[in-house]
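S.K.: Residue numbers (our numbering): 1 to 417.
Don't be surprised by glycine CBs; every beta carbon is placed ideally from N, CA and C.
Since the structure is predicted, the reported quantities are computational estimates derived from the model, not experimental observations.
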Ligand SMILES: [Zn+2]
């Protein structure tokens, strides 16, 4: 592991500051390369402009005074975006009654915002490659940053990352102090000692979940259409194909998965957005991810609402099944779900907040599955049988240290209940 230190010719205390920033950046990059075998930051070409489609959801005129307008940037990863829609944006709308709210975000996501805001600005499909620069709620893209800056002329801008603050940050209702609760649970404000605090969504999952503003069910027309294109007993597969973080399984694995599920009596539909999923490797399976209709999320949700279940490996596409209450089977790493100092892993929290139906988690490490893909397929068969018998308990699958993971799991569920 290489480490370079920079000492700019500036007197203290600035020297200390620069030193720390550089070391931190290098660590983030090195850790990322080590864990995922892909660079933390891909080169990014600078755009002159970015074009949007505007969806206006009501007849309210847009105020001329920019102080009456809020522009929310929703350029985050899908798994976080959905948490934003169900928990953060509804809170924001409540906090600023009467203001005109514009959400801007990814192509094809208009359905997530139709019931929430006055307008949705959908970036044109040509710019969807910018998704490679998102990291959870925030992004590392200079182009997306410029979009957020340019929107300041229209209203007060809420950057993508500040929605994340709602999720991980507590605030004091007495003195206004905001802090993110990570290692230690605070019962009182660290600044003034007040106990009147608004808890972060992640530290109070169960009570926030009761107040979730859920994504509406697709229209009857769409549900009927979905039924008409699906065979009975159909399972949806999402095959992760992302540049960020790697963790993509080989096409050959999916060929075997399809044949396994077909041998169990299921039909298959191939789902996902084309920018972040692999193309379907089997000709006779319907590849919805590459069809024009998949650009409208309501169509995809209507299909999912009609499925027996969905299957996915290390991807947040489970949100779609979770939001519709359709069962799903997910392979995910233990540290993503369970481990953190005083609550579950971030993905564990997000998964809990966005799943309103049964879910089967198979806790496995990506590398262990890559070394033993046939073993993973045997597990899929076993767990699908369990799901048929209504057994949706978490299972520890292919991990190096089963006992360690079991401990983490028990600790996690102790905290959750
Ligand atoms: Zn305080």
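Which same chain residues, not among the five before or five after residue 380, have their C-beta less than 6 Å away from its C-beta?
M.R.: Within the chain shown, residue 380 is the residue found at index 380, counting from 1. Excluding residues up to 5 positions away in sequence, nothing lies with its Cβ nearer than 6 Å to the Cβ of residue 380 in the same chain.
S.K.: Can you say whether residue 76 is buried or exposed, counting buried as having 16 or more other CB atoms within 10 angstroms of its CB?
M.R.: Here the question's residue 76 lines up with position 76 in the chain shown. Per the 10 Å Cβ criterion, buried.
S.K.: Express the C-alpha separation of residue 48 and residue 2 in angstroms, rounding to a whole number.
M.R.: Stepping through the chain shown from its first residue, residue 2 is reached at position 2. Stepping through the chain shown from its first residue, residue 48 is reached at position 48. Note that residue 2 has pLDDT 28, beneath the 50 cutoff, so the model's placement of it is unreliable and the number below is only indicative. About 35 Å.
S.K.: Does the Cβ of residue 120 have 16 or more other Cβ atoms within 10 Å, making it buried, or fewer, making it exposed?
M.R.: On the chain shown, position 120 is the one that residue 120 refers to. It counts as buried.
S.K.: Let me check you understand the geometry: is the CB of residue 191 closer than 7 Å to at least one non-hydrogen atom of ligand 1?
M.R.: In the chain shown, residue 191 corresponds to position 191, counting from 1. Yes, the beta carbon of residue 191 sits closer than 7 Å to at least one heavy atom of ligand 1.
S.K.: Measuring only the C-alpha atoms, how far is residue 386 from residue 249?
M.R.: Residue numbering aside, residue 386 sits at position 386 when the chain shown is read from its first letter. Residue numbering aside, residue 249 sits at position 249 when the chain shown is read from its first letter. Going by the C-alpha atoms only, they are around 24 Å apart.
S.K.: Take residue 203 as the anchor and find which of 45, 171, 391 has the nearest alpha-carbon.
M.R.: Translated into positions along the chain shown, residue 203 becomes position 203. If we check each option's Cα against that of residue 203, 171 comes out closest.
S.K.: For the beta strand (DSSP E) containing residue 234, list its first residue and its last residue.
M.R.: Taking the first residue of the chain shown as 1, we reach residue 234 at position 234. Segment 234-238, the beta strand (DSSP E) holding residue 234.
S.K.: Cα-Cα, which of 152, 166, 146, 395 is closest to residue 65?
M.R.: The residue labelled residue 65 in the question sits at position 65 within the chain shown. Minimum Cα distance to residue 65 is reached at 152.
S.K.: Count the other C-beta atoms from every protein chain shown that fall within 10 angstroms of the C-beta of residue 149, then say buried if there are 16 or more, exposed otherwise.
M.R.: Residue mapping note: residue 149 aligns to position 149 of the chain shown, counting from 1. Residue 149 is exposed by the Cβ-count criterion.
S.K.: If I'm right that residue 118 touches residue 101 with Cβ under 8 Å, what's the distance once you round it to whole angstroms?
M.R.: By 1-based counting over the chain shown, the position of residue 118 is 118. By 1-based counting over the chain shown, the position of residue 101 is 101. 5 Å between Cβ atoms; contact.
S.K.: Need the endpoints of the beta strand (DSSP E) that residue 158 sits in, please.
M.R.: The sequence position of residue 158 within the chain shown is 158, counting from 1. For residue 158, the enclosing beta strand (DSSP E) stretches over residues 156-158.
S.K.: Looking at C-alpha atoms only, which residue of 408, 391, 392 is the closest neighbour of residue 399?
M.R.: The residue given as residue 399 occupies position 399 in the chain shown. When each option's Cα is compared against that of residue 399, the closest is 408.
S.K.: Over what stretch of residues does the alpha helix (DSSP H) that includes residue 349 continue unbroken?
M.R.: Taking the chain shown and counting its residues from 1, the one referred to as residue 349 is at position 349. Residue 349 -> alpha helix (DSSP H) spans 346-354.
S.K.: Is it the case that the CB of residue 180 approaches a heavy atom of ligand 1 more closely than 7 Å?
M.R.: Reading the chain shown from its first residue, position 180 is the one you call residue 180. False, no ligand heavy atom lies under 7 Å from that Cβ.
S.K.: Alpha carbon to alpha carbon, how far is residue 413 from residue 289?
M.R.: The residue given as residue 413 occupies position 413 in the chain shown. The residue given as residue 289 occupies position 289 in the chain shown. Going by the C-alpha atoms only, they are around 35 Å apart.
S.K.: Using a threshold of 8 Å, state whether the C-beta atoms of residue 53 and residue 122 are closer than that.
M.R.: Locating residue 53 in the chain shown gives position 53, counting from the first residue. Locating residue 122 in the chain shown gives position 122, counting from the first residue. Cβ distance < 8 Å, so residue 53 and residue 122 count as in contact.
S.K.: Could you check what DSSP says for residue 84 in three-state terms: helix, strand or coil?
M.R.: Translated into positions along the chain shown, residue 84 becomes position 84. Helix, per DSSP.
S.K.: Apart from the five residues just before and just after residue 115, which ones in its own chain have a Cβ nearer than 6 Å to its Cβ?
M.R.: Taking the chain shown and counting its residues from 1, the one referred to as residue 115 is at position 115. Residues 216 of the same chain have their beta carbon placed closer than 6 Å to that of residue 115, with the five preceding and five following residues left out of the count.
S.K.: By alpha-carbon positions, which one of 237, 252, 88, 272 ends up nearest to residue 373?
M.R.: Residue numbering aside, residue 373 sits at position 373 when the chain shown is read from its first letter. The option with the nearest alpha carbon to residue 373 is 252.
S.K.: Is residue 143 near residue 223, with beta carbons less than 8 Å apart?
M.R.: Here residue 143 is taken as the residue at index 143 of the chain shown, counted from 1. Here residue 223 is taken as the residue at index 223 of the chain shown, counted from 1. No, Cβ-Cβ distance for residue 143 and residue 223 is not below 8 Å.
S.K.: Does the pairing of the region 82-98 with the region 66-74 give three or more beta-carbon distances under 8 Å?
M.R.: Judged by Cβ distances under 8 Å, the region 82-98 makes contact with the region 66-74, as three or more pairs qualify.
S.K.: Please confirm whether residue 347 and residue 332 have their CB atoms less than 8 Å apart.
M.R.: Within the chain shown, residue 347 is the residue found at index 347, counting from 1. Within the chain shown, residue 332 is the residue found at index 332, counting from 1. The answer is yes: Cβ separation under 8 Å.
S.K.: For residue 207, name the three-state secondary structure that DSSP assigns.
M.R.: For this step, residue 207 is matched to residue 207 along the chain shown. DSSP places residue 207 in helix when its eight states are reduced to three.
S.K.: Check residue 189 in the structure and name its three-state DSSP category.
M.R.: Residue numbering aside, residue 189 sits at position 189 when the chain shown is read from its first letter. Looking at residue 189 - three-state DSSP - the assignment turns out to be coil, as it is neither helix nor strand.
S.K.: Counting pairs of Cβ atoms below 8 Å between the region 347-363 and the region 315-325, do you hit three or more?
M.R.: yes
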